[in-house]
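Scroll down for the structure; my scribbles are underneath it.
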Amino acid sequence: MVEIARNVDPDNHALYEGVPAADHRLERLRQLLVGVEISELSRVTHLLDEPEQLATAVGNVLPEATARASHAQLGEALAPAVERAAQRSIQKNPNTLTDILYPVFLPAIRKSIGEKIDQTFQSLNESLRHIFTWHGLKWRFEAWRTGTSFSAVVLKHSLIYRVEHVFLISRASGLLIAHVTSQDATSEDPQLISSMLSAIQDFVRDSFNEKENSGLDTIRFGELRLWSEVGQFATLVAVIRGNPPEELHEVIRDVLLRIHQESSRALERFDGDSSQLPGVETQLQTCVELQHMDSKEGFPWLVVTAALLVLTVAGGWFFLSWQAGQRWQTYLSRLATQPGIVVSEQKIRGGQFYIAGLRDPLAVDPQSLLSGTEVDPARVHSNWQFYQSLEPVFVLKRLTASLAPPDSVRLSVANGRIVAEGEATTTWINRARAAAQQLSAGGPVFDISGVRDVSAEERWQAYVSRLETQPGIVVADQNVRDGQFYITGLRDPLAADPQSLLAETQVDPSRVHASWQFYQSLEPQFVMKRLTASLTPPDSVRLSVVDDRIVAAGEATTAWIIRARVAAQQLSAGGPVFDISGVRDVSPEERWQAYVSRLETQPGIIVAQQNVRDGQFYITGLRDPLAADPQSLLSGTEVDPARVHASWQFYQSLEPVFVLKRLTASLYPPDTVRLSIVNGRIVAEGEAPDTWIDRARAAARQLSAGGPEFDISKVRDVSPDARAAEHWQYYVSRLEAQPGIIVAQQTERGGHFYISGLRDPLAADPQALLSGTGVDPARVHSQWQFYQSLDPKFVVKRLTASLSPPKTIRLSIIQGRIVVVGEASAGWISRAQAAAEQLSADGVVLDVSQLRELNLAELNQLREAIQTTDIFFSSGRVVPGPEQTPVLDRLADQLKEFAENARKAGVTARFMLTGHSDTTGRETANASISAARAETVRALLNKRGVAPELLLVRGAGTFEPAVPENSQTGSSTNRRVSITVNLE
Amino acid sequence: MLQKKICMLGGFAVGKTSLVRRFVQSIFSENYLTTVGVKIDKKSVAFPDKTVDLILWDLAGEDDIGSFRVSYVRGATGLVLVVDGTRPATLGVALTLRERCEAEFGAMPFILLFNKSDLTDRWAISDGEIDELKQRGWQVYLTSALSGEHVEEAFRQLASMVAK
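First to last, the protein sequences are chains A and B.
Its first residue numbered 1, the first sequence is counted upward by one per residue in this note's numbering.
Its first residue numbered 1001, the second sequence is counted upward by one per residue in this note's numbering.
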């Protein structure tokens, strides 16, 4: 027993030290009593001692043990180890954990970025929207005032919202955990809403196979938005009215996170009993309190406005007075820079400006300087004393005024000195020198050393040398004495006047003493002038200077030649040669004879006798008063009229020219008559009234004795009536030439014209033909009967109108016969033949033998195809079934082709659509159904391009069945629309 | 506030919707059934010590079990199985639906309603069959949407079952 005890507890070992150990009986007993336990104990001891085995054993029970451990204690115990493990893992290889967490983080990150972008866009949108509005300006000010960004202010004002409801919903069951609402918001049963919300979330997730954990993020309905945040166990849904900022998501998420942190277990175990989760509502309440209303009375606008107003006024006043002061200073500085102005005193008092000082009369007017400075002249009070400024500029001005320097002198200011340069007379230089001396006391230096003394002498010499170059002037002597100029010489009276030449120089005429002797210059042009003046050569003589010789050429009387010769002799002593060899001597007798022969060639002048006696010329003869005047012919002949004694008798010349003149003067022929001389005969041509013709005839008779013949046979007798009758006849003949107009009768009575006859309606209008004939329409009385002309041209016109031949037919007139050529339908040919028969009775030939009938075989084939087509209908239906569409398409094409071909052939095709019905139902209903079917088919064909005017419709009801009907259900063959083709 | 999510299951046209129409609070139109596939109603059942709000998920009836949105049943604590008493096949549908739910979310209390009990002449379920189901310990009721027979009772029963 001791052994057992010892083995069981080591402490007992010591206690029972005295007990012998190696007692085999005891050992045996021990084996018997606790052998099993000992072996079990050794196995366990072994298990505990061997780490591998222990690990295996603990590993077997660890999951179970962990599951059974108190969560809180286990969590606390494990937390440091797990943290360290995670830390180590990240240090070793961050990718491992990243890979693990990637699916968890990615959606969260993605969502967060999405929200951030939305937030940015929202801010941008709002900023843009408000940037140019009044609000925008206001908010810009606010941003400046509060030191925040403009977009933040915009968002603050434009995002007006209110969170009206917040639901916390269990994710597992969709049951409502908690619900809070803002003060005045209402809603239906929140329990139902929350369940429905989660149902919709499920629906969306299922419908779009969305695996993500998030669910519906945002639902928007008008002004209302539902924002949901999905947590681990619960979803928080906020119902927001208005325009919430994106940041609100974060707020809501924070609330949800906090709830999860505080009541994680309760949320997980939520089974519909909300009493397990007290305090959640208070959390939610924070969400509901979220709202932003645009404050209407935040900023004291009125006060600010008033303050601004006062500031503006005060500022404005200060600015204006400061500005006025500035301007005044500008003006003063301008004055100060002006030469000749000295400001002695200036001040500003009560907005008025006072200024006093000195000014040179030559200086700028201070008042005029005011303009441009914007200083109000009315507020400027100035007091200026005049003084003479010694500034060089002013001195210069005064010198200029007092000295009056000649143009050749230039005054200028150089380095404070006044410098005169140029040329001047001695007197001016003396005056300038005196002025310079006066100035020396205090004034600027007046330097006249640069002025060259140009005395009158120089100019005098210039004058003299000019005189010496003048032709006809010879300067004999000249000198200057005591400022006086003396000159003597010769001048030709024809030469330039020395005095007038003096005026062009600057030489004082009063100081010039000239003594000119006249002489005759022997220069050729002067000599010629003198000769012309003294000899007065006749028109027939021309004088000229050739190689310093004076040459006379032409014809002159002996007397003039003698005088010229004397002059030539006089000139020979020293003067130029006067050559008169070119002047032919013409005697008075010769010139007289020339005059007489000239007279004799004059028509209407007959020289009877002429002779020359004692240098006197005598002439007698006849002259017609209409002939040229002999006296006037005398001039230019060099015959002295005083020596001519003429005796002229007037007579009437019978020369045709004079007779013509006299006739023209006495008969006054009208404009329509022209008189002319033809082979010595006077011929009158044109038209004249009979009275004139009578007078002309009398004149012709008078002339017959000795005078030229006066032929008036070519003058037509034209009295107005005769002319009118003539015009009328012309008109009538014109009418008679017109085809389709037959003049039966026409007369002229009392200036009026009467005409009657027949006219074809297709002929020209007789009234229209009047124009251009000169007949007065008012005097024409016409009476026309219409008739049909048988003139082939008219017949063709009528035929064209009545038969309306197709394009393939041509009508032409060949040798008075009307020939019809071409192809036409049989109907048209028969109509043409009938017309030909009718016309033959009137004697008009209409040749239709060359007409050929159109080949209608193709057309007939088409017609057959169309007429065998039927459109079928279901019972009681007026619209054909879709199976009829191809039939309708083909039919439409055939109808169009047929209509086109018929048109080409000159006939019109029309298609009759006849609707039919079967015999079931009442007859009236059947009739209307059949008509409606035809109408429908017409509409369907029209839709396919068949012209509606070519389609006629009728309803035949049951009266025209395609097949006889027996059955009760009616015949589908009879429910149809049939087509017939008519040609017109 | 004690609420429980209850799903109403049954074949096509067994009368689930009409059955609850007169006895529940509802704010959603029946269009939801066809659009979202579920319509939610509330039935409050008062007991002396508490009131249980049954949040009834009326799932669109489909005879085609394949199109059944089982996800709607998640979080439910009880089922209402509805059978058309005039069409025996609908019993099979209801039981199959229940099996699917239990397979997905584990066993949960349910009541079995044989509806259209007013149509006695077309009644097609024998009393024996019903007795046999009751033998299994199931809560079986013969209900009529027309008369309201046993409807209140059935919901009360279910409420007491889920609120335990």
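Every residue, glycine too, gets a C-beta built ideally from N, C-alpha and C.
Where the beta strand (DSSP E) through residue i begins and ends
i, result
"methionine 528/A", "Here methionine 528/A belongs to no beta strand (DSSP E); instead the alpha helix (DSSP H) covers 524-535."
"valine 451/A", "446-453"
"glutamine 745/A", "741-749"
"tryptophan 1138/B", "First-last for tryptophan 1138/B: undefined, no H or E at that position."
"threonine 218/A", "218-221"
"serine 572/A", "No beta strand (DSSP E) holds serine 572/A; the alpha helix (DSSP H) holding it covers 558-572."
"glutamine 478/A", "473-481"
"alanine 178/A", "176-181"
"lysine 347/A", "341-349"
"isoleucine 979/A", "976-983"
Strand pairing of residue i, partner residues [DSSP]
i, result
"aspartate 711/A", "Val683/A"
"phenylalanine 318/A", "BP columns for phenylalanine 318/A are empty, so no partner."
"histidine 24/A", "Partner(s): none; histidine 24/A has no beta bridge."
"methionine 1008/B", "Asp1058/B, Val1080/B"
"glutamate 229/A", "Leu236/A"
"tryptophan 516/A", "Gly489/A"
"asparagine 383/A", "Ala356/A"
"tryptophan 828/A", "Answer is none; tryptophan 828/A lacks a bridge partner."
"phenylalanine 786/A", "Arg759/A"
"valine 1038/B", "Leu1059/B"
Cβ separation of residue i and residue j, assumed to be a contact under 8 Å, to the nearest whole Å
i, j, result
"glycine 1085/B", "lysine 1116/B", "5 Å"
"leucine 403/A", "arginine 433/A", "So it is not a contact: roughly 10 Å between Cβ atoms."
"isoleucine 429/A", "valine 451/A", "6 Å"
"alanine 238/A", "valine 163/A", "5 Å"
"threonine 914/A", "alanine 934/A", "6 Å"
"glutamate 229/A", "leucine 192/A", "Wrong, their Cβ atoms sit about 21 Å apart, outside the cutoff."
"isoleucine 1022/A", "valine 280/A", "Residue coverage of chain A in this structure runs from 1 to 984, which leaves residue 1022/A outside it and unanswerable."
"alanine 234/A", "isoleucine 1040/B", "About 18 Å; that fails the 8 Å criterion."
"asparagine 982/A", "arginine 903/A", "That pair is no contact at about 14 Å."
"phenylalanine 753/A", "valine 780/A", "5 Å"
"alanine 1012/A", "aspartate 447/A", "Outside the displayed range of chain A (1 to 984) lies residue 1012/A, so it cannot be described from this structure."
"glycine 1075/B", "serine 207/A", "At roughly 19 Å, the Cβ-Cβ gap does not stay under 8 Å, so glycine 1075/B and serine 207/A are not in contact."
"leucine 888/A", "leucine 941/A", "7 Å"
The alpha helix (DSSP H) enclosing residue i, as first and last residue numbers
i, result
"tyrosine 731/A", "720-737"
"asparagine 415/A", "Per DSSP, asparagine 415/A belongs to no alpha helix (DSSP H) and is neither H nor E."
"phenylalanine 1155/B", "1151-1162"
"glutamine 191/A", "190-207"
"glutamate 468/A", "456-469"
"serine 929/A", "Inspection of the sequence shows that residue 929/A is occupied by isoleucine rather than by serine. Counting along the chain, the alpha helix (DSSP H) containing isoleucine 929/A begins and ends at 923-943."
"aspartate 254/A", "247-268"
Interface partners of residue i on chain A, CB under 7 Å
i, result
"isoleucine 1027/B", "Glu188, Asp189, Leu192"
"glutamine 1157/B", "By Cβ distance, chain A contributes nothing, its closest Cβ being about 18 Å from glutamine 1157/B, past 7 Å."
"leucine 1002/B", "Gly272, Asp273"
"tyrosine 1072/B", "Ala199, Asp202"
"isoleucine 1125/B", "Under the 7 Å cutoff, chain A gives no residues; its nearest Cβ is about 32 Å from isoleucine 1125/B."
"aspartate 1053/B", "Gln191"
Where residue i meets chain B, residues with beta-carbon distance less than 7 Å
i, result
"isoleucine 169/A", "The premise fails here: isoleucine 169/A is roughly 10 Å from chain B at the closest Cβ pair, so nothing lies under 7 Å."
"methionine 196/A", "Phe1028, Ile1040"
"isoleucine 200/A", "Val1036"
"glycine 174/A", "Lys1005, Gly1075"
Check: residue i C-beta below 7 Å from any heavy atom of the ligand GDP
i, result
"valine 953/A", "Although the ligand GDP was asked about, the structure shown includes no ligands whatsoever."
Partners in chain B for residue i, counting only beta-carbon separations shorter than 8 Å
i, result
"aspartate 206/A", "Arg1069, Ser1071"
Interface residues of chain A facing residue i [CB-CB closer than 9 Å]
i, result
"isoleucine 1111/B", "Within 9 Å Cβ-Cβ: nothing; isoleucine 1111/B doesn't reach chain A, min ~18 Å."
"tryptophan 1057/B", "Gly174, Ser195, Ala199"
- Item | beta strand (DSSP E) runs contained entirely in the segment 584-617 of chain A, provided each spans 3 or more residues | 605-613
- Message: Quick check on the DSSP output: what are the complete beta strand (DSSP E) runs of length 3 or more inside the segment 861-919 of chain A, in order along the chain?
- Response: 870-872, 909-915
- Length at least 3, wholly inside the segment 646-706 of chain A: the beta strand (DSSP E) runs in chain order: 673-678, 681-688
- alpha helix (DSSP H) runs contained entirely in the segment 80-149 of chain A, provided each spans 4 or more residues: 94-130, 134-146
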